[in-house]
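A.B. asks:
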Amino acid sequence: MIGTWINIATVLVGGGLGLLFGARLPERARQTVFHGLGVFTLLLGVSMFTASRNPIYVLLGLLLGGMVGEALRIEDGLRGLGAWFERRLGASDPAQEGASRFVRGFLTASLLFCVGPMTILGSIQDGLLGDYRILATKALMDGFAALAFASTLGVGVLFSVVVILVYQGGLSLLAAQLQGVFTEAMLAELNGAGGVLLVALALSSLLELKRIRVGNLLPALVIAPLLPALVAWLRALGIW
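Next up, the structure:
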């Protein structure tokens, strides 16, 4: 859970700075920082992909996973979840303007920091492999986002760390329970598929070069590691 604790720290620091100095940070500076993080995320994804022992497994995982994700409309589901929470909790009450501002800050930050492919991928990597690089990268992005949000939405942004701890930390702990199940070959293909998703995230969300429904590719994180296990099982039966 190291990545989750780093994430919590950056949100608290970024949010605190946003309360004090956020309005003074130029938009151009924020854009430049996010573009730098985008390039780093892109290269991190490439380095993770090279860990794959058989890129065909990653390709098949992405193709099959993409079809499953499109059928299930995972990306739309993630967006719909955010919209549902916003409708339920984000309505403004003129008689309680201060409370509403707190709720909006808490809700907006919680959704941004927890609803997304990078959260799921990073939590799995952290819990399963002890590799918190993805969550550390996400933490930097969340820290700058918290700075921006806190400057306009107030202290409620800082309380989103409770959601980060429960949701993101819970995913990491759940993934850690699967360590004994995954073989080295399965972990290699999980890394490979995760690297491709990181590249897609960098191109789509951070560098804004091409809109990619990365959420619909998330099933690849399950399918790609299962393929080498399936092949090994078939070979043990003498079928492959």
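Sequential numbering of the sequence shown, starting at 1071, is according to the numbering used here. From the three backbone atoms N, C-alpha and C, an ideal C-beta is built for every residue, glycine too. All values derive from a computational prediction rather than experimental measurement.
(1) On a Cα-Cα basis, can you pick out the residue from S1230, G1265, A1294 that is closest to L1112?
(2) Can you tell me whether DSSP reads E1278 as helix, strand or coil?
(3) Mind reading off the beta-carbon distance from V1109 to F1214? Whole number of angstroms is fine, and I expect it under 8 Å.
(4) Could you name the residues of the same chain whose beta carbon sits closer than 8 Å to that of R1171, not counting the 5 residues immediately before and after it, in chain order?
(5) So, helix, strand or coil for N1286, using DSSP?
(6) Starting from I1204, trace the alpha helix (DSSP H) both ways and give me its first and last residue.
(7) Assuming L1191 contacts L1267 (C-beta within less than 8 Å), just tell me the rounded distance between them.
(8) Is the segment 1128-1142 in contact with the segment 1292-1301, if contact means three or more CB pairs nearer than 8 Å?
(9) Under 8 Å by Cβ, that's how I've got M1118 and N1261 pegged, so tell me the actual separation to the nearest angstrom.
(10) Is it buried or exposed, N1077, if we count other Cβ atoms within 10 angstroms and call 16 or more buried?
(11) Just to confirm before moving on: does the CB-CB distance between D1212 and F1183 stay below 9 Å?
(12) Who are the near neighbours of F1229 in its chain, counting only those whose CB is closer than 7 Å to its CB and skipping five residues on each side?
(13) According to the neighbour-count rule (16 or more other Cβ atoms, all chains shown, within 10 Å of its Cβ), is I1309 buried or exposed?
(14) Using the beta-carbon count (16 or more within 10 Å), is M1188 buried or exposed?
(15) Once you ignore the five residues that flank V1138 on each side, which residues in its own chain have a CB closer than 6 Å to its CB?
(16) May I ask which residues mark the beginning and end of the alpha helix (DSSP H) holding V1138?
(17) Note down, in chain order, each residue of its chain lying with its Cβ closer than 6 Å to the Cβ of I1126, except the 5 sequence neighbours on either side.
(18) In chain order, what residues of the same chain have a beta carbon less than 8 Å from the beta carbon of A1121, not counting five sequence neighbours either side?
(19) Three or more C-beta pairs closer than 8 Å, one from the segment 1234-1249 and one from the segment 1191-1203: is that the case here?
(20) In chain order, what residues of the same chain lie with their CB nearer than 8 Å to the CB of P1164, ignoring the 5 residues before and after it?
(21) Specify, as a first and last residue, the run of the alpha helix (DSSP H) that M1188 falls within.
(22) Do L1291 and L1115 come within 9 Å of each other at the CB atom, strictly closer than that value?
C.D. replies: Walking through what the data contain:
(1) G1265
(2) coil
(3) Contact between V1109 and F1214 is absent: CB atoms are separated by about 15 Å, not below the 8 Å threshold.
(4) L1223, G1224, G1226
(5) helix
(6) Where I1204 is concerned, the enclosing alpha helix (DSSP H) stretches over 1203-1223.
(7) 6 Å
(8) yes
(9) 5 Å
(10) buried
(11) F1183 is positioned such that its CB atom lies closer than 9 Å to that of D1212.
(12) F1176
(13) exposed
(14) buried
(15) P1289
(16) 1125-1142
(17) none
(18) A1258, N1261, G1262, G1265
(19) yes
(20) Only weak support is given to the placement of P1164: the predicted model assigns it a pLDDT of 45, under 50, and the value that follows is read from those uncertain coordinates. Answer for P1164: no residue qualifies.
(21) 1187-1199
(22) Before going on, a small fix: residue 1115 reads as Gly here, not Leu. Result no, Cβ atoms of G1115 and L1291 do not sit closer than 9 Å.
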